[in-house]
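**Student:**
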Amino acid sequence: MDRRLEKPYGRAWFVVMILAPGNFIDPTCAKASPLLPILQDLVSSSNERITRKIREYNDALASGDSLKIAEQGYQLGKAYMGVGEQLVAQKYFIQALRIWESRRGWESMSKIYLRLAEYHIRLKHEREAFENARLAMHFAKLGGVRHNLMGANVVMGGAFALHSEMKGSNKAYGDSSDYHYNEALGLALALGNPVDIANLYSLYGPGLNEADRIKHVSNLKKANVIFTREKLVTEIITTRNRLADAYLNVHNTALAKQWLQQARYVMDTSRFHSFELRSNLLKSSATLCEQMANYKQALAYYKDYHDLAAKALTEDREGAVSRLSVEYETEKKAAMLASQKKELALQAENLKSQKWLTRLAMILSLSAIGFGGVFYWLYRKYRRTSNQNQLLVAEQNHRVKNNLQQITSLLSLQSNRMQDDSAGKQVLEESLLRIHAVSLVHQRLYDGNQPVQVDLAEYIPRLAASVFKIFGMESFQPQYLVEKIWLHADQAASFGLILNEMMTNACKYALPHQQEPSLMISCVQQGESIVFEMKDNGPGFSYESVKKGFGLQLIAVLAGRLKAELSASKEGNHFTLVFEP
1 MDRRLEKPYG RAWFVVMILA PGNFIDPTCA KASPLLPILQ DLVSSSNERI TRKIREYNDA
61 LASGDSLKIA EQGYQLGKAY MGVGEQLVAQ KYFIQALRIW ESRRGWESMS KIYLRLAEYH
121 IRLKHEREAF ENARLAMHFA KLGGVRHNLM GANVVMGGAF ALHSEMKGSN KAYGDSSDYH
181 YNEALGLALA LGNPVDIANL YSLYGPGLNE ADRIKHVSNL KKANVIFTRE KLVTEIITTR
241 NRLADAYLNV HNTALAKQWL QQARYVMDTS RFHSFELRSN LLKSSATLCE QMANYKQALA
301 YYKDYHDLAA KALTEDREGA VSRLSVEYET EKKAAMLASQ KKELALQAEN LKSQKWLTRL
361 AMILSLSAIG FGGVFYWLYR KYRRTSNQNQ LLVAEQNHRV KNNLQQITSL LSLQSNRMQD
421 DSAGKQVLEE SLLRIHAVSL VHQRLYDGNQ PVQVDLAEYI PRLAASVFKI FGMESFQPQY
481 LVEKIWLHAD QAASFGLILN EMMTNACKYA LPHQQEPSLM ISCVQQGESI VFEMKDNGPG
541 FSYESVKKGF GLQLIAVLAG RLKAELSASK EGNHFTLVFE P
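What the sequence shown shows, in full-length UniProt numbering, is residues 1 to 581, in sequence order.
#1: With distance defined between alpha-carbon atoms, name the residue in Ala568, Ser365, Gln525 and Gln553 nearest to Ala457.
#2: Tell me which same chain residues have a C-beta within less than 7 Å of the C-beta of Gln291, skipping the five on either side of it?
#3: Quick test of the definition: if touching needs 3 or more C-beta pairs under 8 Å, does the region 185 to 194 touch the region 129 to 147?
#4: Just to confirm, is the Cβ distance from Leu288 to Tyr305 under 8 Å?
#5: Let me check understanding here. Comparing Cα to Cα, which of Gly174, Ala70, Leu577 and Ser202 lies closest to Arg103?
#6: If I'm right that Ser279 touches Tyr301 with Cβ under 8 Å, what's the distance once you round it to whole angstroms?
#7: What three-state label does DSSP hand Val578 in the structure shown?
#8: Ends of the alpha helix (DSSP H) at Lys221?
#9: With respect to the alpha helix (DSSP H) encompassing Phe476, which residues constitute its N-terminal and C-terminal limits?
#10: Use the C-beta contact count for Asn573: other C-beta atoms within 10 angstroms, 16 or more gives buried, fewer gives exposed.
#11: To the nearest angstrom, report how far apart Cys507 and Phe468 are at their CA atoms.
#12: Sorted by chain position, which residues of the same chain lie with C-beta nearer than 6 Å to Thr576's C-beta, five sequence neighbours on each side aside?
#13: Since I believe Ala136 is in contact with Leu114 (beta carbons under 8 Å), could you give me their beta-carbon distance rounded to a whole number of angstroms?
#14: Taking DSSP as the reference, what is the three-state secondary structure of Ile521?
#15: Check whether the region 59 to 70 and the region 84 to 94 touch, using three or more Cβ-Cβ pairs below 8 Å as the test.
#16: In three-state DSSP terms, what is Gly534?
#17: Return the CA-CA distance between Pro34 and Thr269, expressed in angstroms with no decimal places.
#18: Am I right that Ala133 and Met156 are in contact with their C-beta atoms under 8 Å? What's the rounded C-beta distance?
#19: Would you mind giving the Cβ-Cβ distance between Gly551 and Asn505, rounded to the nearest angstrom? I have them listed as a contact below 8 Å.
#20: If you draw a straight line from the alpha carbon of Val217 to that of Leu67, how long is it in whole angstroms?
#21: Does DSSP classify Asn566 as helix, strand or coil?
#22: Which partner residues of Ser529 appear in the DSSP bridge assignment?
#23: Alpha carbon to alpha carbon, how far is Leu558 from Met502?
#24: Can you name, in chain order, every residue of its own chain whose Cβ lies under 7 Å from the Cβ of Ile197, other than the five neighbours on each side?
#25: Straight-line CA distance for Met267 to Thr234?
#26: DSSP three-state call for His251: helix, strand or coil?
#27: Does DSSP classify Leu123 as helix, strand or coil?
#28: In chain order, what residues of the same chain have a beta carbon less than 7 Å from the beta carbon of Phe160, not counting five sequence neighbours either side?
#29: Could you compute how far the alpha carbon of Ser518 sits from the alpha carbon of Val452?
#30: Within the same chain, show all residues whose beta-carbon is closer than 7 Å to that of Glu528, passing over the 5 residues directly before and after it, in chain order.
#31: Between which two residues does the alpha helix (DSSP H) containing Leu552 stretch?
#32: Whole angstroms are fine: how far does the CA of Met362 sit from the CA of Met150?
#33: Suppose you measure from the CA of Cys523 to the CA of Arg384; what does that come to, to the nearest Å?
#34: Only counting the same chain, and skipping five residues up and downstream in sequence, which positions put a Cβ closer than 7 Å to that of Ala298?
#35: Of the choices Thr238, Ile236, Ala256 and Ile237, whose alpha-carbon is the least far from that of Ala244?
#36: Between the alpha carbons of Asn153 and Ile237, how many angstroms are there, rounded?
Dropping the structure here:
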């Protein structure tokens, strides 16, 4: 496992960094030499690293890139963890977590929960350790990154190991811990990263029995081989120091001294400075001198160890004050940037609203144009269909009119061959008038602009003139009171036949017997009804005595078709017809 992998308490190499680096040791229990300059270098290096990370975090804030802010906040939190300021580290971890939660950054969220689980494992917060380890596992599975899943298994194993330790080496929890470590090791072997594999070999603790201790030493030796091959100084020193501690646990001072010498050799030749490593080597050297009965030298190591720890705390406190100052400036900048960001957000929201309204207006305009085009197309199509239908109806009316004219012509020829006083000729002439009344309807339909409606203001005078012409009364002028009323063709035909019968009766029996004949024809609209009246100054007749005649019977039948109310005066010279169009 590389340095990104989280390391659980009790079986990993993250130890709470509360002690300062000790003197550079001599495992032969020689006198320790002062290491204050090295300690100062280490503290200075830590402060410089945090200062650099704060600067990078400020740059991220200035950029306004939330993902960059989250990543730099995470890195700054890691830097604070490196100097033991866990609470400050948690602040930046939580901040980064909130950003990644909004972006569904499962992989990054898994890394945060790994760090939080590590923190609670160090402080032995059992419940919090389990919760954060569980979340690390959950988001690692969602992210689908096997390396994160490996780390999640490590912290879950650390949480179970912590629980086992606090509950008195509970075997069930110990087995669960081993299960998760084995899962992590399986993933490391599948990934094929030798550093991950070596780190996981070094996770297994010494255990309670001899078999566990043998396995622990064997795993550490495997890890040492890999770290040596990969030339990882920190891991080499740590692993060899642990091997020395493993042998010190069984009082094998010879092998313990051998591994401490090897660790010292790497430390010396690499000139590597690490607080934690020097502290561990110093404590192991004190234990070795103690087991070798060199109590005076062991006490010297412990004294130097605690003196340096006190000095480290002083230096770290001064560094903390410096970091607080930087932190204060960072907070000021963050507040200023937050204010600017809020203002920019409002401007962006306004711009977004304007863009949305513009897009909406464009969509509505395009929709209106589209609907307008569709409606225009439908209108054109309707006009074409309407014109075609109108032409068809006009053609139909024309053909009906022509057919009626042919019938009229045939009847006229037949009538001309009859004697003038014959009854048959009179019947033919009356039939001709009736056919002409219907023909005139279709002629008006064909000649007018309305293919199915007739204007009574034109139709009534034309029909009356035709009847007067048949009876040789072309010069007679009746009185008309006819409004412009449109009547459907079916009703107009029935109405024309009724008018024809009434006009025929007037021309045959009323007007010829008067020195000054007069005829009044009225057709007006009253509400929803049409009121037709016809009155002459003839002698009249008894309506009851002649109502069985063909003409009046025809009028009665046609009035029934119109659903009209027909009334006549007792003298028989005043007819009224009321019907609805």
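Cβ atoms here follow ideal geometry from the backbone N, Cα and C, with glycine treated the same way.
**Tutor:** This is what the structure gives:
#1: For the residues Ala568, Ser365, Gln525 and Gln553, the minimum Cα distance to Ala457 belongs to Gln525.
#2: By the criterion of a C-beta distance shorter than 7 Å, Gln291 is surrounded in its chain by Leu248, His251 and Thr253, once the five residues flanking it on both sides are discounted.
#3: Touching, yes, given that three or more Cβ pairs across the two stretches are closer than 8 Å.
#4: It is not a contact, given that the beta carbons lie outside the stated cut-off.
#5: Residue Ala70 is the option with its Cα nearest to Arg103.
#6: Actually they are not in contact, since the Cβ atoms of Ser279 and Tyr301 sit about 11 Å apart, beyond 8 Å.
#7: Strand.
#8: Start and end: Glu210 to Glu230.
#9: Note, Phe476: premise wrong, no alpha helix (DSSP H); not H, not E.
#10: By the 10 Å Cβ count, Asn573 comes out buried.
#11: Looking at the two C-alpha atoms, the distance is approximately 7 Å.
#12: Hits under 6 Å: Glu533 and Ser567.
#13: In this structure Leu114 is in contact with Ala136, their Cβ atoms being roughly 5 Å apart against a cut-off of 8 Å.
#14: Of the three classes helix, strand and coil, the one that applies to Ile521 here is strand, per DSSP.
#15: Short answer: they don't touch.
#16: The question names Gly, yet the displayed sequence has Met at residue 534. Met534: strand per DSSP, three-state reduction.
#17: Because Pro34 carries a pLDDT of 38, less than 50, the predicted location of this residue cannot be relied on, and no value is offered for it.
#18: That belief holds up - the Cβ atoms of Ala133 and Met156 are roughly 4 Å apart, short of 8 Å.
#19: About 6 Å separates the CB atoms of Gly551 and Asn505; that is less than 8 Å, so the two are in contact.
#20: Each residue's CA atom was taken as its position, placing Val217 and Leu67 some 43 Å apart.
#21: A quick correction: the sequence has Leu, not Asn, at residue 566. Look at Leu566 here: in three-state DSSP terms it is strand.
#22: Beta-bridge pairing by DSSP links Ser529 to Gln526.
#23: Their backbone Cα atoms lie some 12 Å apart in a straight line.
#24: Only residues of its own chain outside the window of five on either side were considered, and among them Ala188, Leu189 and Ile226 have a CB closer than 7 Å to the CB of Ile197, listed in chain order.
#25: Taken atom to atom, the span from the alpha-carbon of Met267 to that of Thr234 is near 9 Å.
#26: Coil at His251, not helix or strand.
#27: Assigned with DSSP and collapsed to three states, Leu123 falls in coil, not helix or strand.
#28: Closer than 7 Å at Cβ, skipping near neighbours: Tyr173, Ser176, Ser177 and His180.
#29: If you take the alpha carbons of Ser518 and Val452, they lie about 33 Å apart.
#30: If the five residues before and after Glu528 are omitted, its C-beta is found closer than 7 Å to the C-beta atoms of Glu580, all from its own chain and listed in chain order.
#31: Its alpha helix (DSSP H) spans residues Phe550 to Arg561.
#32: Here the alpha carbons of Met362 and Met150 stand approximately 53 Å from one another.
#33: So the two alpha carbons sit approximately 36 Å from each other.
#34: Excluding sequence positions up to five before and after Ala298, its CB lies within less than 7 Å of the CB of Ala286, Cys289 and Glu290, all in the same chain and listed in chain order.
#35: Considering only Thr238, Ile236, Ala256 and Ile237, the residue with the shortest C-alpha distance to Ala244 is Ala256.
#36: Distance between the alpha carbons of Asn153 and Ile237: 25 Å.
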